[in-house]
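This report refers to the structure that appears directly beneath it.
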């Protein structure tokens, strides 16, 4: 199995699902407005305390104008647009760019990098790395770095009561370099963490969607059986009345043909309902239990291929010779189905399923004769999106990075919800092996 199969159409998810391009970002306008009003209040209070309370000389008019500009833009935005609106990636980036420029102007008027509040220039870039696209984040990081360089070179004197406050140029240069490295580090670090979080969130949503679909499929079977049972009585009454009408009508009556048709169609309806009631795979819900071998067959059936044989073997505990039974829960059916699909997809001729059990545990081992997991991928199986550095054993879609590893992630996540564990390895013949185990206590 090179074995990073995505969900097939039969499981309800596309086999080539790309990560959606985020045209609508994760930032709400209300969030930006709240942060901006806090910034306006903080900047205004700082200027008032420094100039009027501490008595430091400064360009209070120009600095106040910079704060007023931020307040005016924030107020105009709050009036013109609904606060619950989610901004696009581009709009969010423009808002953050304005914040960087406004802060840079205020720092220019109050000492540049000599001002201890210059560290706040990192804030918009950090928020962007957590919420916006890579392109927007890189653009904002570049803008922040440009502002840092300009503030290190040119700025007004730092407000100080005893004349100009001078800091050696070497210290300012070092501080500027430190800020630049902080921008780069925070951009990379926060973006990577946020990207992993977004991928995990998307993968968990896909797993939940798969589980919901499996539950609907299971419920439909039980609903069909219940409907067949409930419709049996009224349909029997209709059939009886139709037969009596057909019997009482003369042979040459113009309604005789209609009565015979009514009788035949009611009988056909009864046959259809009886067939629905007899189908065990449609009448069983996820509270029923099945022998482990039959459950594996049902999970593999939607993914069967003519050229791949499915061989099921049993390894019983001498103290427990009877075949174990397992609940036909949607999580188990869909999780095993994904693993079996993965094995069948990459097998050459055969997929072997070994069902072993003891009094304490049931283990299902799925082995195929395919190319196996690439070594660099095997170490990271269970992550929702994977790529192989060599591309070995990956199909063309996977080499392009589409939806890689999501099928295995969903299977592992669903099985672990039922109390089971999943492990992966390559067998001695080079094929892939997936081992699933449950304590018998969690299976009921």
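Residue numbers (our numbering): 8 to 451. No residue lacks a Cβ here, since even glycine has one placed at the ideal position from N, Cα and C.
(1) Is the region 96 to 108 touching the region 144 to 161, taking contact as three or more C-beta pairs under 8 Å?
(2) Does residue 454 come out as helix, strand or coil in the three-state DSSP assignment?
(3) Based on the DSSP secondary-structure assignment, which residues constitute the bridge partners of residue 44?
(4) Check this for me: beta carbons of residue 431 and residue 418, under 8 Å apart or not?
(5) By Cβ distance below 8 Å, which residues in the same chain neighbour residue 249 in space, the five residues on each side in sequence not counted?
(6) Name the residue from 46, 305 and 252 whose alpha carbon lies nearest to the alpha carbon of residue 124.
(7) Could you tell me how far apart the beta carbons of residue 137 and residue 201 are, in whole angstroms, since I believe they sit closer than 8 Å?
(8) Do you know offhand how far residue 239's Cα is from residue 260's?
(9) What first and last residue would you give for the beta strand (DSSP E) that runs through residue 440?
(10) Roughly how many angstroms separate the alpha carbons of residue 313 and residue 366, rounded to a whole number?
(11) Identify whether residue 57 lies in helix, strand or coil by the three-state DSSP scheme.
(12) Check for me: the beta strand (DSSP E) holding residue 362 runs from which residue to which?
(13) Name the DSSP beta bridge partners of residue 324, please?
(14) Go ahead and label residue 436 buried or exposed: buried means 16 or more other beta carbons lie within 10 angstroms of its beta carbon, across all protein chains shown.
(15) Quick one: measure Cβ to Cβ for residue 173 and residue 117, integer angstroms, because I've assumed they're closer than 8 Å.
(16) Identify which residue in 167, 66, 159 and 152 has its Cα closest to the Cα of residue 191.
(17) Of the choices 317, 329, 355 and 50, whose alpha-carbon is the least far from that of residue 111?
(18) Got a sec? Which residues, its chain only, sit under 7 Å from residue 70 by beta carbon, not counting five neighbours each side?
(19) With DSSP as the reference, label residue 425 as helix, strand or coil.
(20) With burial defined as no fewer than 16 other Cβ atoms inside 10 Å of the residue's Cβ, what is the status of residue 135: buried or exposed?
(21) Can the beta-carbon of residue 154 be found closer than 8 Å to that of residue 184?
(22) Is it right to say residue 348 is buried, meaning 16 or more other beta carbons lie within 10 angstroms of its own, or is it exposed?
(23) In terms of residue numbering, what span does the beta strand (DSSP E) encompassing residue 375 cover?
(24) Who are residue 433's beta bridge partners in DSSP?
(25) Once you ignore the five residues that flank residue 62 on each side, which residues in its own chain have a CB closer than 7 Å to its CB?
(26) Tell me, please, which residues DSSP counts as bridged to residue 296.
(27) From the DSSP output, which residues share a beta bridge with residue 316?
(28) I believe residue 331 touches residue 299 by the beta-carbon criterion, under 8 Å. Please report the beta-carbon distance rounded to the nearest angstrom.
(29) Are there 16 or more other CB atoms within 10 angstroms of the CB of residue 251, so buried, or fewer, so exposed?
(30) Please report how far the alpha carbon of residue 58 lies from the alpha carbon of residue 39, in whole angstroms.
(31) Nearest by alpha-carbon distance to residue 377: which of 127, 315, 447 and 241 is it?
(32) My assumption, with CB atoms under 8 Å, is that residue 374 sits in contact with residue 438. Please give the rounded CB distance.
(33) Does the distance from the C-beta atom of residue 197 to that of residue 133 stay below 8 Å?
(34) Where DSSP assigns a beta bridge to residue 81, which residues make up the other side?
(35) Can you tell me the Cα-Cα spacing of residue 385 and residue 414, whole angstroms?
(36) Please report the straight-line C-alpha distance between residue 109 and residue 140, rounded to a whole angstrom.
Quick look at the numbers:
(1) yes
(2) Since the first and last residues shown for the chain are 8 and 451, residue 454 lies out of range.
(3) In the chain shown, residue 44 corresponds to position 37, counting from 1. Partner(s): none; residue 44 has no beta bridge.
(4) Reading the chain shown from its first residue, position 424 is the one you call residue 431. Reading the chain shown from its first residue, position 411 is the one you call residue 418. Against a cut-off of 8 Å, the Cβ pair of residue 418 and residue 431 comes out as no contact.
(5) Position 242 of the chain shown, counting from 1, holds the residue named residue 249. Contacts found: 266, 269, 270 and 273.
(6) As a working note, residue 124 is residue 117 in the chain shown. It is 46.
(7) Counted from its first residue, the chain shown places residue 137 at position 130. Counted from its first residue, the chain shown places residue 201 at position 194. Indeed they touch by this definition, with Cβ atoms about 4 Å apart.
(8) Counted from its first residue, the chain shown places residue 239 at position 232. Counted from its first residue, the chain shown places residue 260 at position 253. Taking the straight line from one Cα to the other gives about 30 Å.
(9) Here residue 440 corresponds to residue number 433 of the chain shown, with the count starting at 1. Run containing residue 440: 439 to 446, per the beta strand (DSSP E) assignment.
(10) Here residue 313 refers to the residue found at position 306 of the chain shown. Here residue 366 refers to the residue found at position 359 of the chain shown. Distance between the alpha carbons of residue 313 and residue 366 is about 36 Å.
(11) For the purposes of this step, residue 57 is identified with residue 50 of the chain shown, where counting begins at 1. In this structure, residue 57 counts as helix in the three-state DSSP scheme.
(12) Residue numbering aside, residue 362 sits at position 355 when the chain shown is read from its first letter. Unbroken beta strand (DSSP E) run through residue 362: 357 to 364.
(13) For this step, residue 324 is matched to residue 317 along the chain shown. Looking at the DSSP assignment, residue 324 forms a beta bridge with 327.
(14) Counting from 1 along the chain shown, the entry for residue 436 is found at position 429. Residue 436 comes out exposed.
(15) Counting from one through the chain shown, the residue named residue 173 turns up at place 166. Counting from one through the chain shown, the residue named residue 117 turns up at place 110. Actually they are not in contact, since the Cβ atoms of residue 173 and residue 117 sit about 15 Å apart, beyond 8 Å.
(16) Numbered from its first residue, the chain shown carries residue 191 at position 184. Checked all of 167, 66, 159 and 152; the closest Cα to residue 191 is 152.
(17) Along the chain shown, one-based indexing puts residue 111 at 104. That would be 50, whose Cα lies nearest to the Cα of residue 111.
(18) Within the chain shown, numbered from 1, the residue matching residue 70 stands at position 63. Hits under 7 Å: 54, 113, 116 and 117.
(19) Within the chain shown, residue 425 is the residue found at index 418, counting from 1. In this structure, residue 425 counts as coil in the three-state DSSP scheme.
(20) Here residue 135 refers to the residue found at position 128 of the chain shown. Buried.
(21) Position 147 of the chain shown, counting from 1, holds the residue named residue 154. Position 177 of the chain shown, counting from 1, holds the residue named residue 184. No, the Cβ-Cβ distance between residue 154 and residue 184 is not below 8 Å.
(22) Against the chain shown, residue 348 aligns to sequence position 341. It is buried - the Cβ of residue 348 has at least 16 other Cβ atoms within 10 Å.
(23) Taking the chain shown and counting its residues from 1, one reaches residue 375 at position 368. It spans 368 to 375 - the beta strand (DSSP E) in which residue 375 sits, taken as one unbroken run.
(24) Along the chain shown, read from residue 1 onward, the residue named residue 433 stands at position 426. Answer by DSSP bridge pairing, in chain order: 439.
(25) The residue you call residue 62 lines up with position 55 of the chain shown. Cβ within range, chain order: 168.
(26) One-based indexing of the chain shown puts residue 296 at position 289. Residue 296 is bridged to 334.
(27) Counting from 1 along the chain shown, the entry for residue 316 is found at position 309. 357, per the DSSP bridge assignment.
(28) As a first step, residue 331 is located in the chain shown; it is residue number 324 there, counting from the start. As a first step, residue 299 is located in the chain shown; it is residue number 292 there, counting from the start. Indeed they touch by this definition, with Cβ atoms about 5 Å apart.
(29) In the chain shown, counting from the first residue as 1, residue 251 sits at position 244. The residue is exposed, with fewer than 16 neighbouring Cβ atoms inside 10 Å.
(30) Within the chain shown, the letter at position 51 stands for residue 58. Within the chain shown, the letter at position 32 stands for residue 39. The alpha-carbon atoms of residue 58 and residue 39 are separated by roughly 28 Å.
(31) Your numbering for residue 377 matches position 370 in the chain shown. Checked all of 127, 315, 447 and 241; the closest Cα to residue 377 is 315.
(32) Taking the first residue of the chain shown as position 1, residue 374 is located at position 367. Taking the first residue of the chain shown as position 1, residue 438 is located at position 431. Their Cβ separation, rounded to whole angstroms, is 6 Å, which keeps residue 374 and residue 438 in contact under 8 Å.
(33) Looking up residue 197 in the chain shown gives position 190. Looking up residue 133 in the chain shown gives position 126. Their beta carbons are under 8 Å apart, which means residue 197 touches residue 133 by this criterion.
(34) Taking the chain shown and counting its residues from 1, the one referred to as residue 81 is at position 74. Residue 81 pairs with nothing; no bridge assigned.
(35) In the chain shown, the residue the question calls residue 385 occupies position 378. In the chain shown, the residue the question calls residue 414 occupies position 407. Going by the C-alpha atoms only, they are around 14 Å apart.
(36) The sequence position of residue 109 within the chain shown is 102, counting from 1. The sequence position of residue 140 within the chain shown is 133, counting from 1. Rounded to whole angstroms, residue 109 to residue 140 spans 22 Å at the Cα level.
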